[in-house]
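Engineer: Shown below is the structure under consideration.
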Amino acid sequence: MKHNENEDISSILVSEEQIQQITDRLAKQISEDYRDDERQVVLLIILKGSVPFAAELMKKLTIPVQLEFMKVSSYGATTKSSGEIKIHLDIKRDDLKDLDILIIEDIIDTGYTLNRLTTLLKNRNAHSVKTCTLLDKPSRREVDLTPDYTGVRIPDAFVVGFGLDYNENYRTLPYVGILDPKVYSH
Ligand code: PRP
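Each residue of the sequence shown is one higher than the one before, counting from 2 in our numbering.
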């Protein structure tokens, strides 16, 4: 029988109500900041974890935006080629020069992914590249990266829900919670 994923959560870290407050605040700030922008604004949604956050944020924006998606993975500092990022799904646009890109992430951990993605998009001549994350774990940072828009800073806990997974599960929970250690410690 299928079980209820809520039962594997030991505590709620960011509630549904807090997510509403965060996305209200961020959408207002983003809409103000880009209001007089004469270029096309593109929300670049990084699969898979950012989907619930992006969906909540985009409906609250009061400026027109277009959507793009990428799926990437980065390997930290230990791989042979530093600056390495693997692209699993790419944008199908040749010319980024007239675009103001806002990358939407669910979480920043070491910072490698956003750091390298930002560099990649600037190398492709995007007019501007900014970053927005729901969750930030600054204590885990290994590269110098401060997001332009941050939902909430969190401690270094094993978090799942609202896009974040453990073995691809828990992404559809409507809040961010701490996973009960009994789930992964056996
Ligand atoms: C997560 C997250 C970021 C990255 C952050 O993605 O969405 O892209 O890790 O980590 P970093 O700051 O250490 O680079 P993940 O690779 O887990 O993919 P997913 O969203 O498909 O689960």
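Cβ coordinates follow ideal geometry from the N, Cα and C atoms, glycine included. Only a predicted model underlies this, so the values are computations on that prediction, with no experimental measurement involved.
#1: Would E6 and Y171 qualify as a contact pair, given that the criterion is a beta-carbon distance under 8 Å?
#2: Is I108 near the ligand PRP, going by C-beta to nearest heavy atom under 7 Å?
#3: Over what stretch of residues does the alpha helix (DSSP H) that includes D34 continue unbroken?
#4: Going along the chain, which residues of its own chain have a beta-carbon closer than 8 Å to the beta-carbon of Q30, five neighbours each way excluded?
#5: Use the C-beta contact count for R117: other C-beta atoms within 10 angstroms, 16 or more gives buried, fewer gives exposed.
#6: Alpha carbon to alpha carbon, what distance is there between H128 and L97?
#7: Considering only the alpha carbon of each residue, which of K131, R94, D101, S74 lies closest to T111?
#8: Roughly how many whole angstroms lie between the Cα atoms of G50 and F163?
#9: What is the rounded straight-line gap between the Cα of N126 and the Cα of I108?
#10: According to DSSP, G112 sits in a beta bridge with which residue or residues?
#11: Tell me whether M71 sits in a helix, a strand or coil according to DSSP, three-state version.
#12: By how many angstroms is the C-alpha of P65 removed from the C-alpha of P182?
#13: Taking 8 Å as the cut-off, decide whether the C-beta atoms of D137 and P148 are in contact.
#14: Applying the 10 Å Cβ sphere with the 16-neighbour rule, what's the burial state of M2?
#15: Given the structure, does Y113 come close to the ligand PRP, in the sense that its CB is under 7 Å from one of the ligand's heavy atoms?
#16: If we count the other Cβ atoms within 10 Å of its Cβ and call it buried at 16 or more, is Y185 buried or exposed?
#17: DSSP beta-bridge partners for T134?
#18: To which residues of the same chain is T114 closer than 8 Å at the C-beta, ignoring the five residues directly before and after it?
#19: Check whether the Cβ of T135 sits closer than 7 Å to any heavy atom of the ligand PRP, and report yes or no.
#20: In whole angstroms, what separates the C-alpha of T45 from that of T173?
Structural biologist: On the basis of the coordinates in this document:
#1: yes
#2: yes
#3: 17-34
#4: Y150
#5: buried
#6: 7 Å
#7: S74
#8: 8 Å
#9: 25 Å
#10: Its beta-bridge partners do not exist; DSSP assigns none.
#11: strand
#12: 43 Å
#13: yes
#14: exposed
#15: yes
#16: exposed
#17: E106, T151
#18: I47, V73, S74, S75, I86, E106
#19: Rather than Thr, the amino acid found at residue 135 in this sequence is Leu. No, the beta carbon of L135 sits no closer than 7 Å to any heavy atom of the ligand PRP.
#20: At residue 45 the sequence reads Leu, which differs from the Thr that was named. Whole-angstrom Cα-Cα distance: 20 Å.
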